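So the sequence shown is numbered by our numbering: it starts at 886 and just counts up by one.
Working notes, beginning with the structure itself.
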Amino acid sequence: MTRRIVLALLVLSVVLVAAAAVPLGLSITERERLAFRDETQAAARVIAASAEEHLSDHESAAGMVTDLAEAAKAGDCAAVLDAHGQPIGATPCPVQAGPAAQLAGLALKGQEPAPREAHGRLLAAEPVGSFRQPTGAVVLSRSTDPLDDRITVAWAWIGLVAAAGVAASALLSVRLARWVGRPLTTLDTAARHLGEGRLGERADVTGGPPEVRRLAATFNTMAARTEALIHGHQAVVADVSHQLRTPLAALRLRLDLLATAGPDSAPELLVSAQDEVGRLSRLVDGLLAVARAEQTVPKPVAVRVDEVAADRVAAWEPVAQEKGIRLTFRGAGGGPVVSLGPDHLEQVLDNLLANALDAIPEGGTVTVDRTRGPDGVRLRVVDDGPGMTPEARDQAFRRFGNAKARGTGLGLAIVHRLITANGGGIRLEDTAGGGLTVVLDLPLRRDADRTSS
């Protein structure tokens, strides 16, 4: 790509320089030729003026001789002719006979012929005296070598400037191509290494044009997410392998004992095996729920917190009564509107209430209350059960982090994913007097009509 950019810019530069330099050179050449022609005619007029004093005014020819001498010093060849075409004065070097005679004949007829170039010299003729009745003519021949030298120097300077421009353009093209191409090459190398499995590979975001830097930053974001995704999947596989090993070993032990057990112990071993199967089933269901939650990209909808909370408390009330636990909700109908994914708040409350009802003993209480937080709505699930140790709270939102305290250890991981995916926050606190409080900070829906409690 670098070579193509350099070649394209170089060709463009050459075309532009040529388009500017050639007309300029031609214009300078034409101007130099006109100037040289005017200078030659002016020199012939000077001699014609002094010859007029001799031929028309019958004065001394000293002035004409002096002018002819000056012309000879300048390298010109000149001749002065009378009205009959006879030479009356000339420089040591003769003018060319054929072309000079033609120009002199036109001048003696009262014309001012245009200069002619022949054999490397420019010939000019001027009538002496009146144009209508000239008393003579002057023919001057001047070498065109000075003209050719000036034209050559002009073209040399134009060529030098053009070459310098093309060289500067080539240098700039190389630097520009490298400026653009080098980051892309680095990005290509990083992408190839990432494809080969080097998950820590990142592109350089400090060089190149802004568009390339943004592309490199986007690639690094993609690479980081890919790395996190792969490492997350590896962690899931490791967690699943670790968690399934114990119930599978226990189930295998129960089945081995059941195969050799007598009639009296068989029912008890069968019940134990069924418990292990149920544990496996709950573990697999939890893993599926976590996977679905992590793959969810929610489209927020308007959710009325009080209505959903009151509905879920009513749904779990029979379970709480059966266990001898008092379940209440503190809130009013209507209330504020938050922005969450469809059915996410229902799933969150179901997980939290199920965990709380499983954790606290008979006679305990579970309270769901809603208040206004600093930037939204704060919903709390408060229980007076055994609570959690600080170490357990630190691991609560990880897969299987609180497995010993909360069944499979996946409920709070699901809750954490659903709340944070919607832009909310979640934390665990100790309940005053003992127990666990789960605090949910839910984002308000700004564009909805809501009432404050």
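Glycine included, each C-beta is placed from N, C-alpha and C at the ideal position.
Predicted model only: the values in this text are computed from it and were never measured.
Looking at the structure shown, is residue i part of a helix, part of a strand, or coil, going by DSSP?
| i | result |
| --- | --- |
| residue 1252 | strand |
| residue 1287 | For residue 1287, the pLDDT reaches just 48, beneath the cut-off of 50, and the residue's location in the model is therefore unreliable, although a value from the coordinates is still provided. In the structure shown, residue 1287 sits in coil (DSSP, three-state: anything other than H, G, I, E or B). |
| residue 1149 | coil |
| residue 1227 | coil |
| residue 1084 | coil |
| residue 1209 | coil |
| residue 1267 | strand |
| residue 1319 | coil |
| residue 1097 | helix |
| residue 1328 | strand |
| residue 1311 | strand |
| residue 1090 | coil |
| residue 1216 | coil |
| residue 1261 | strand |
| residue 894 | helix |
| residue 946 | coil |
| residue 1281 | coil |
| residue 1293 | Its pLDDT being 43, under 50, residue 1293 is placed unreliably in this model, and the value from its coordinates should be taken loosely. Here residue 1293 sits in coil by DSSP. |
Among the options, whose alpha-carbon lies nearest the alpha-carbon of residue i?
| i | options | result |
| --- | --- | --- |
| residue 1220 | 1203, 1050, 1187 and 1240 | 1187 |
| residue 1189 | 981, 1231 and 1166 | 1231 |
| residue 1233 | 1202, 893, 1305 and 1245 | 1305 |
| residue 1018 | 994, 1063, 1007 and 1064 | 994 |
| residue 956 | 997, 1026 and 1042 | 1026 |
| residue 895 | 1203, 1062 and 1002 | 1062 |
| residue 1075 | 1102, 1144 and 1051 | 1102 |
| residue 1195 | 1235, 1118 and 1080 | 1235 |
| residue 1299 | 1247, 1240, 1246 and 1275 | 1240 |
| residue 1246 | 1065, 1080, 977 and 1205 | 1205 |
| residue 1051 | 930, 892 and 1191 | 892 |
| residue 1096 | 908, 1065 and 1118 | 1065 |
| residue 1133 | 1149, 1165 and 1118 | 1165 |
| residue 1006 | 981, 968, 1082 and 945 | 981 |
| residue 986 | 977, 972 and 900 | 972 |
So, are the CB atoms of residue i and residue j less than 7 Å apart?
| i | j | result |
| --- | --- | --- |
| residue 1059 | residue 932 | no |
| residue 1320 | residue 1260 | no |
| residue 1272 | residue 1210 | no |
| residue 1313 | residue 1257 | no |
| residue 988 | residue 1010 | yes |
| residue 1387 | residue 937 | Since the first residue of the chain shown is 886 and the last is 1338, residue 1387 is not available in this structure. |
| residue 1054 | residue 898 | yes |
| residue 1000 | residue 922 | yes |
| residue 1327 | residue 1262 | yes |
| residue 1154 | residue 1137 | no |
| residue 984 | residue 1003 | yes |
| residue 1047 | residue 906 | yes |
| residue 1251 | residue 1212 | yes |
| residue 1323 | residue 1237 | yes |
| residue 1303 | residue 1229 | yes |
Which same chain residues, not among the five before or five after residue i, have their C-beta less than 6 Å away from its C-beta?
| i | result |
| --- | --- |
| residue 1067 | none |
| residue 1301 | 1282 and 1311 |
| residue 1337 | Unreliable positioning characterises residue 1337 in this predicted model, as indicated by a pLDDT of 42, which lies under 50. A coordinate reading is not provided. |
| residue 940 | 1013, 1020 and 1021 |
| residue 974 | 949, 953 and 965 |
| residue 924 | none |
| residue 1270 | 1244, 1245, 1249 and 1320 |
| residue 929 | 1009, 1011, 1023 and 1025 |
Identify, in the order they occur along the chain, each residue of the same chain with its Cβ nearer than 8 Å to the Cβ of residue i, setting aside the five sequence neighbours on each side.
| i | result |
| --- | --- |
| residue 979 | 962 and 964 |
| residue 1105 | 1087, 1088 and 1090 |
| residue 917 | 1032, 1035, 1036 and 1039 |
| residue 1084 | 1108, 1111, 1112, 1115 and 1116 |
| residue 935 | 948, 949, 951 and 952 |
| residue 1254 | 1214, 1215, 1216, 1264, 1265 and 1267 |
| residue 1143 | 1151, 1154, 1155 and 1158 |
| residue 1208 | 1242 and 1247 |
In its own chain, which residues sit with a C-beta less than 7 Å from the C-beta of residue i, not counting the 5 before and 5 after it?
| i | result |
| --- | --- |
| residue 1330 | 1187, 1222, 1223 and 1224 |
| residue 1147 | none |
| residue 998 | 988, 991, 992 and 1010 |
| residue 1071 | 1088 and 1089 |
| residue 1309 | 1325, 1326, 1327 and 1328 |
| residue 909 | 1043 |
How about residue i: is its C-beta nearer than 7 Å to some C-beta of chain C?
| i | result |
| --- | --- |
| residue 1015 | The structure shown contains no chain C; it holds only a single protein chain. |
Next on the checklist: Extract the residue ranges of the alpha helix (DSSP H) inside the stretch 955-1036, only unbroken runs of 4 or more that lie entirely within it.
Outcome noted: 982-993
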